[in-house]
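Residue numbers (our numbering): 260 to 433.
These notes concern the structure reproduced below.
Put into structure tokens, the structure is as follows:
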């Protein structure tokens, strides 16, 4: 599905990954401000430039969110329409008796055309979210490591352990 409309998938997916990772920018700016304050630099010298950078970061994040919504919605609609068209084509042009081509009940047919198609597209959509979350986690941990490696390990190791234990016990927990 990603290859069907690949250009739109890559463009929208990249924008959504950026949307997930862009909240790091205000944090990085705050880190710079606190680093500057801890060195004893006067705050009023850079307050306006700091606020301008924060405003630019938020405007950029909003524009990226708008662009990703536009691009991703177009990809989503195109791919779901393509899949539903393929399902309809298979029913109308498939071999065998027409009654055997449809699912057992009208409810099952609606489920296939609506829910099954959406589930498949959500699976492809999940990869974009995973990439964005991974980028944010890697950059966030890298920044934390530059601030205090020991504290980062004290936070990241238990969190990582919980993720892996939850993953191992996922079926039992469900």
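Each residue gets a CB set at the ideal place from its N, CA and C atoms; glycine is no exception.
Bear in mind that the values here come from a model prediction, so they are computed numbers and not experimental data.
| Check | Outcome |
| --- | --- |
| If distances are taken between C-alpha atoms only, which option among 314, 308, 277 and 326 comes closest to residue 393? | 277 |
| Would you report the Cα separation of residue 260 and residue 410, rounded to the nearest angstrom? | 42 Å |
| If distances are taken between C-alpha atoms only, which option among 400, 313 and 333 comes closest to residue 271? | 333 |
| Report the rounded CA-to-CA distance for residue 306 versus residue 373, giving the unit in angstroms. | 53 Å |
| For residue 331 and residue 275, which I take to be in contact (beta-carbon distance under 8 Å), what is that distance rounded to the nearest angstrom? | 6 Å |
| Does the segment 383 to 397 touch the segment 353 to 365, meaning 3 or more C-beta pairs lie closer than 8 Å? | no |
| Using the three-state DSSP reduction, which class does residue 264 fall into: helix, strand or coil? | coil |
| If you draw a straight line from the C-alpha of residue 268 to the C-alpha of residue 297, how long is it? | 44 Å |
| On a Cα-Cα basis, can you pick out the residue from 418, 262, 295 and 280 that is closest to residue 319? | 280 |
| How should residue 244 be labelled, buried or exposed, when 16 other C-beta atoms within 10 angstroms of its C-beta is the threshold for buried? | Outside the displayed span of the chain (260 to 433) sits residue 244, for which this structure offers no information. |
| What's the gap between the Cα of residue 262 and the Cα of residue 382? | 14 Å |
| Are there 16 or more other CB atoms within 10 angstroms of the CB of residue 327, so buried, or fewer, so exposed? | buried |
| Between the C-alpha atoms of residue 402 and residue 432, what's the straight-line distance to the nearest angstrom? | 33 Å |
| By how many angstroms is the C-alpha of residue 344 removed from the C-alpha of residue 329? | 23 Å |
| Would residue 418 and residue 376 be called neighbours here (beta carbons separated by less than 9 Å)? | no |
| Taking the continuous alpha helix (DSSP H) assigned at residue 375, which residues delimit it? | Taken as a continuous stretch (DSSP letters only), residue 375 belongs to no alpha helix (DSSP H), as it is neither H nor E. |
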